[in-house]
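Counting from 1 along the sequence shown, just add 265 to a position and that's the residue number in this note's numbering. For glycine and all other residues, C-beta sits at the position ideal for the given N, C-alpha and C.
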Amino acid sequence: MAGNHAADHGRRNFLQLAAWGVGVIALAAGAARARAQTTTASPLKIGMVGAGRMGGALGALFVKAGHPVMFSSRHPENLKGLATRLGPLAQAGTVEQAVAFGDVVAMVVPYAALEEIGKAQGRALATKVLVMDVCNPIARRDGDDLVKWVGEQGGAGLASAKLLPGARIVRAFNGISYRRVAEIAHRPGGPVGVPIAGDDPKAIALAEGLIRGIGFEPVLVGGLAMGNRWLRSTRRRKFDRSPAACAESRRGLSQNRSSSRLGDRLSGGGETRGRTHWRRAPQLSAV
Ligand SMILES: NC(=O)c1ccc[n+]([C@@H]2O[C@H](COP(=O)([O-])OP(=O)(O)OC[C@H]3O[C@@H](n4cnc5c(N)ncnc54)[C@H](OP(=O)(O)O)[C@@H]3O)[C@@H](O)[C@H]2O)c1
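In C-alpha cells, the structure reads:
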C-alpha cells in the first residue's frame, strides 16, 4: 500500500465527508444516549485473521481491553514475537486455529484473500456470533478486476457477504489508519466515532460493545447494503451541529443511494494514512 498519494488524498477527502455526515446523524441521536449504551462486559475470545499492520494494532487493543486474542496468518511462526509482547492473553496460530478459537473473528487481510479464506473457513465462520470485516478492496493491492467485482455486488459489505456466506458480518474500522488507531483509542474529551454497517442485530450489538470497550464510539450507518449509499454533504458545513444540518444530512442519506464508490467507503471502504478525518471532524468525538 505504499505510494499513490493522490488516491489517499481523495480517500481522505472522502472520509471527511463521510465522517461529517455520520457525525451529525449520531449527534442527532443524542450523545448522552450513546454513552449510556453498554460495552462488552465479559471477555470474548477473538480470532484475528490477518495480523499485519491493522490486524496487529486492532488485536493489541482487544488484548488491552482484556480479551483473549489469537493472531493468525499464513505464517503464524512470524507472529510469536507479537504475541509474546502482548502478554498471556495473546497467542499465535494458523488461520484455522484462530477461526476455531474465536467467539468473534476479525478479518483483517487484503480483500483479495477473502475468497480463499471463505472457501476454506466459510462453514466455521458462519457459526460465529460476529465476523468483524475490516477489509477494504483497494485496486493497487487487490487488482482492478476485484474492485470492479465488488462494485458490481453493490459495495464491500454485500461483496463480503458473498465471499463469506452465512457469516454475521459487521464492517468496522475500515476508515481508520493502523498508524493512529491505538493513539486515538479512549480519546480524552470523548471517543472517536467508528462507522459500522451490518445486517444482524445481535452481531451489531456485540460489535458495538467490543468497539466501546476498546475506546471508540460505534455509529451504525445501516446494513451491509450501505455500500450503495452516500451522503450529500459539503465541507463548508462540516462543523454545523444544528438540527437543520442533521436533517439535511439525513435527507442526503436517503436520497443519494446510487453511488457505490462514495457509499462503499462510508460503509467501510478505504483506510487512510497520516492525518485523517478525526482531526478534521471533531463532531465525531461527541457521538
Ligand atoms: N493498514 C490500515 O491502516 C488499514 C486500515 C483499515 C482497514 N485496512 C484493511 O485491513 C486489511 C489488512 O490491511 P493491513 O494494512 O493490515 O495489511 P498487511 O499489513 O499487509 O497485513 C495483512 C495480513 O494478512 C495476512 N494475510 C495475507 N493473505 C492472507 C491469506 N490468504 N490468509 C491468511 N492471512 C493472510 C498477512 O500475513 P501473511 O502474509 O503472513 O499470511 C498479514 O498478517 C486490508 O483489507 C486493508 O484494506 C487496513
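- Its Cα nearest to that of G387, the residue A432 stands out among A432, T359, R318, L309.
- S337: not part of any alpha helix (DSSP H); member of the beta strand (DSSP E) spanning 334-337, first to last residue.
- Taking a cut-off of 8 Å on C-beta distances, the region 337-354 touches the region 306-318, as three or more cross pairs fall below it.
- Residue pairing for P460: DSSP places it in a beta bridge opposite V484.
- Beta bridge pairing from DSSP links L344 with no other residue.
- A355 has its alpha-carbon roughly 32 Å from the corresponding atom of R405.
- Put simply, the backbone Cα of D464 is about 22 Å away from that of I479.
- Counted as a single uninterrupted DSSP element, the stretch harbouring V374 is not any beta strand (DSSP E), since DSSP gives it neither H nor E.
- In its chain, beyond the 5 residues on either side, D398, I434 have a beta carbon closer than 6 Å to the beta carbon of S425.
- Nearest neighbour of I476 by Cα position, chosen from L423, G408, A377, L395, turns out to be L395.
- Distance from the C-beta of P375 to the nearest heavy atom of ligand 1 is below 7 Å.
- Taken from the Cβ of M319, at least one heavy atom of ligand 1 lies inside 7 Å.
- Just so you know, the alpha carbons of Y376 and G454 end up roughly 34 Å apart.
- DSSP lists V396 as the bridge partner or partners of I434.
- In terms of Cβ geometry, V446 and E482 do not form a close pair [threshold 8 Å].
- F438 has its CB nearer than 7 Å to a heavy atom of ligand 1.
- Residue state for I479 is assigned as coil, using DSSP reduced to three classes.
- In this structure, V328 lies near L351, with their beta-carbon atoms less than 8 Å apart.
- P402 counts as buried, since at least 16 other C-beta atoms from the protein chains shown sit within 10 angstroms of its C-beta.
- The alpha-carbon separation between A357 and L485 amounts to approximately 31 Å.
- Note: I311 is bridge-paired with V334, V369 in the DSSP secondary-structure output.
- For V459, the distance from the CB to the nearest heavy atom of ligand 1 is not below 7 Å.
- Here DSSP, grouped into helix, strand and coil, assigns A357 to strand.
- In this structure, the C-beta of G315 approaches ligand 1 to less than 7 Å from one of its heavy atoms.
- Closest in alpha carbon position to G367, among L489, A437, H332, is H332.
- Note that the C-beta distance between L309 and F438 is not below 8 Å.
- Residue nearest to S307 within the set G474, L411, G440, A385 is G474 (criterion: CA-CA distance).
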